[in-house]
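*Asks:* Protein chains in written order, with this note's numbering: chain A, 1 to 195; chain B, 196 to 715.
The beta carbon of each residue, even a glycine, is placed where N, CA and C say it ideally should be.
All of these numbers come straight from a predicted model, not from anything done at the bench.
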Amino acid sequence: MYMFTKDPRAEAAMPAMAAIGRLSRRSFLQAAAAAGALTVMGRAAAAPPAMKFVGASEAAVLQRLMEVTLPLSGSDLLPLSQVAVLPTLDGALLATMPPHILAGLKGGIGYWNDGPRAQFNRPFVDLNDEEAVRFCDAWANGSEVPQRALSVGLKKLIALAYFANPPTWAPLGYDGPNTRKRNIPSLGNAALPRS
Amino acid sequence: MSKKIIPVKQPKHGLQVTQASDIQAGSTLKLQADAVVVGSGAGGAITAYELAKSGKKVIVLEAGPYVPSEKFTEMLAISMGTMYADAGGQSNTTGDISILQGACVGGSTVVNAALCFRTPDYYLHRWGKEHGLTNLKPETMRPYFEKVEQHLGIKAVGPNETSAGAELIGKGLKKMKLPLGRARRNVKECVQSGFCFAGCASDRKQSMLVTYLPWAVAYGATIYSDTRAVEVLAESGRATGIRAEVMDPATGKVKAQLQVDAPIVVLAAGPVQTPILLQRSGLANSSGQVGKNFACHPTLSVTAVFDKEVNDFHGATHSLYMDRNTLPEEGGYLLLNAVQDPVEASFQVEPGTGKPYVAYMSKYKNTIRLISLIHDKNNGEVVWENGVKKINYDVDDEDFESMKKGLATTCKVLFASGANKVYIPSSQHLEINRMEDVDAAVASLKNERARYRYTSFHPQGTCRMGADPKKSVVNPYGETHDIKSLYIADASLLPTSIGYNPSETVYALAHYISDHIVKA
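Written out as structure tokens, the structure reads:
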């Protein structure tokens, strides 16, 4: 069990968590394509650079969360080095977030990063893999609404930013859009009713 | 909030729509009509058609963009950003119920699953008894259902219109001795792409985009997209028109002003935006009921994992249902199968952080889904506060008991279908591995905010219909009690949740109300 201290960032993050209900942003594909090279560089570096919409410290939390939630080594899924996860997240998901929602999200990321201090005396970014997984699962099953909401919301951001990239589908066996691939013609508008 | 710019020229089989790009920045348009209709979804499109057909000059105002089927990507993640309210991000204030609505020309009919049910007689009788809607008798409504069924080609799915997951679930229902309902849909010659929620790229779905809207235009109606109604205009207790703003979809900023003067005003902007428009206008709320009585049919989608590959990727989005326990006294839930793309599947399940999650997604092709939808009580509220909409709604304890009954049946059907494990969509790892464990596992669930991952496609009830002006917003014929010639024709009208997809109910009510407007 974790000691839960009321933190104003927790409640402030709730509108952001509600907003993360959004499945998508319009620029997934463009963001992914434009930032592919950047992702490779980002993965190679010890710490990710600041992104356009979140600062370096928040980017570090998101990168650590990505590493913890998507340990793809040994699986058939496309390696993180080939998917522009964080740039997609930034360019497609956060890009059009209203300022007050984005501010709430930033607060929530900070609250998340400080969450493990009570048990581990370290922030999330400094936890080892096993500790980070324990923390994620504990907050997912936490007694406080903001803990659960953040756990769902932040992990959802990472998953979306990964799986919204069409190249991640082939290893799943998913073949994606098919109507045009099958040359299926449009039926066009229905005829005006006679009655 | 800005959305994607979609430069659209009218496709060869498309629709005549005046878009923001057709209007000069900074201009003020003053238009005259016999009727102005706000919203182009199920209620708005049908009303526009019926009024235009009767000879009235009709103008339709749609806040969303015009997206023709040629632009449909068949990628839900993209479609959400272009054709859904708040780019797919509309939710309750807690953030645990994703409330999905179309926000484009054609409204939710463009992005729904095309599933159609007539309003059960049970509710028509109940509305008569509890809300004075004795005019909506089953025999009165029958011709309206028959009319829309004919117009939209609503029929049961054929043997070829199914999906791999539905086939398995059908076997599970049979083993459980539960009735298998074959979905009725407004789809013609379905090619089973499985992308109903992303828009039907080959126009098989008979949405408003390819039916009532072009038909309304054929009778002279004009449609303005990117045009957000901001105020209902009224004088001396009678509606006189709509004030609207044309939005630049690239920036989300106001590009031009538009006013339609019309003696008939029909609001069909949906159960979230219609009450907000009335609240902003300070009209039709002597009852205090505008925005109240929100319900949304919360659903939980249970994911089942099989030992074998199922590849439940394509086919009718919904092709079967189980409604033995749908009425409130019988449980209050409905089961529906559903295909789901990997993007959606990626956040529905919490198998545990890290390696368990990767292992789960690696087996995506082995998974199928069965949805439990509940008849919820109308205990929510839509409010406009400080320029922001809020949907204050949480599943209450009594409704959660209905959900638990639905979940228990859902899990058992999936095990009977051959699943080796099921996941309940929760913030934490919630996995059941044997049929024998279902009842105990579901019984242990507690109703807590931000615990479950709900989805709703059916907001309803925020301007309810009724005979008593003190308890309802509109009268039994769709006209507001307070303001003459101000009508509502969308799912806001529903006095109670109906426990089934409400599309056909809205279609029929819009026809019914249109008849009364024409006769008035």
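1. I'd like to confirm the pairing. Which residues does DSSP put opposite TRP579/B in its beta bridges?
2. Cβ atoms of ALA457/B and ALA230/B: under 8 Å apart, would you say?
3. Is ASN128/A near the ligand NAP, judged by its Cβ being under 7 Å from some heavy atom?
4. Considering just the uninterrupted stretch of the beta strand (DSSP E) at ASP456/B, what are its terminal residues?
5. Would you say GLY575/B lies against chain A (beta-carbon separation less than 8 Å)?
6. Assign LYS156/A to buried or exposed, taking buried as 16 or more other Cβ atoms, counted over all protein chains shown, within 10 Å of its Cβ.
7. Quick check: THR96/A and ALA161/A, are their CB atoms within less than 8 Å of each other?
8. What's the C-alpha gap between GLN214/B and PRO260/B?
9. Shorter than 8 Å from the beta carbon of PRO177/A to some beta carbon of chain B?
10. In the DSSP assignment, what residue or residues form a beta bridge with SER358/B?
11. What residues of chain B sit near ALA149/A, judged by a beta carbon separation below 7 Å?
12. Classify ARG25/A: buried if its beta carbon has 16 or more other beta carbons within 10 angstroms, exposed otherwise.
13. Along the chain, which unbroken stretches of the alpha helix (DSSP H) at least 4 residues long are found entirely within the segment 381-452 of chain B?
14. From what residue to what residue does the beta strand (DSSP E) around ILE254/B run?
15. Whose Cβ in chain B lies nearer than 8 Å to the Cβ of TRP169/A?
16. What did DSSP end up calling ARG199/A once you bin it into helix, strand or coil?
17. Less than 8 Å between CB atoms is the rule here; does THR88/A satisfy it with respect to chain B?
18. From ALA50/A, PHE53/A, THR69/A, ASP7/A, pick the residue whose C-alpha is nearest to that of ALA132/A; which is it?
19. Determine, using beta carbons only, whether TRP410/B comes closer than 8 Å to chain A.
20. Identify the residues that DSSP records as bridge partners of LEU530/B: which are they?
21. Note down, in chain order, all residues in the segment 562-573 of chain B with a beta-carbon under 7 Å from any beta-carbon belonging to chain A.
22. Between ASN581/B, PHE392/B, GLY367/B, which has its C-alpha nearest PHE267/B's C-alpha?
23. Tell me the rounded alpha-carbon separation between GLU269/B and THR277/B.
24. I believe ALA463/B touches GLY236/B by the beta-carbon criterion, under 8 Å. Please report the beta-carbon distance rounded to the nearest angstrom.
25. Give the interface partners of ASP443/B over in chain A, defined as CB-CB distance under 8 Å, in chain order.
26. Pull up the CB-CB distance for LEU408/B and GLY290/B, whole angstroms please, since I reckon it's below 8 Å.
27. Return the first residue and the last residue of the beta strand (DSSP E) that LEU495/B is part of.
28. Is it the case that the segment 508-523 of chain B contacts the segment 365-374 of chain B, given that we only count it when at least three CB pairs across the two stretches are under 8 Å?
29. Kindly list, in the order they appear in chain B, the residues whose Cβ is closer than 8 Å to that of ASN141/A.
30. Could you give the first and the last residue of the continuous beta strand (DSSP E) run that contains ILE683/B?
31. What would DSSP say about SER303/B, mapped onto helix, strand or coil?
32. Sort ASP316/B, ASP663/B, VAL713/B by Cα distance to ARG337/B and report the nearest one.
33. Can you list the residues of chain A that LYS550/B reaches, using a CB-CB cut of under 9 Å?
34. Does the separation of the CB atoms of LEU172/A and PRO537/B fall below 8 Å?
35. Could one say the Cβ of ALA396/B lies closer than 8 Å to chain A's Cβ atoms, at least one of them?
36. So which of GLU130/A, SER81/A, MET51/A has the shortest CA-CA distance to PRO551/B?
*Replies:* The answer reads as follows:
1. LYS584/B
2. yes
3. The ligand NAP is not part of this structure, which contains no ligands at all.
4. 449-456
5. no
6. buried
7. no
8. 8 Å
9. yes
10. GLY510/B
11. GLY290, ALA645
12. Confidence at ARG25/A is low in this model, with a pLDDT of 45, below 50, so its placement is unreliable and no value can be given for it.
13. 407-413
14. 253-256
15. PRO537
16. Shown here, chain A extends from 1 to 195; a query on residue 199/A therefore has no answer.
17. no
18. THR69/A
19. yes
20. MET517/B, SER567/B
21. none
22. PHE392/B
23. 12 Å
24. 7 Å
25. Per Cβ cutoff of 8 Å: no residues; ASP443/B is ~14 Å from chain A at best.
26. Actually they are not in contact, since the Cβ atoms of LEU408/B and GLY290/B sit about 33 Å apart, beyond 8 Å.
27. 494-500
28. yes
29. SER622, GLN623, HIS624
30. 681-683
31. helix
32. ASP316/B
33. PRO71, GLY74, SER75, VAL133
34. yes
35. yes
36. GLU130/A
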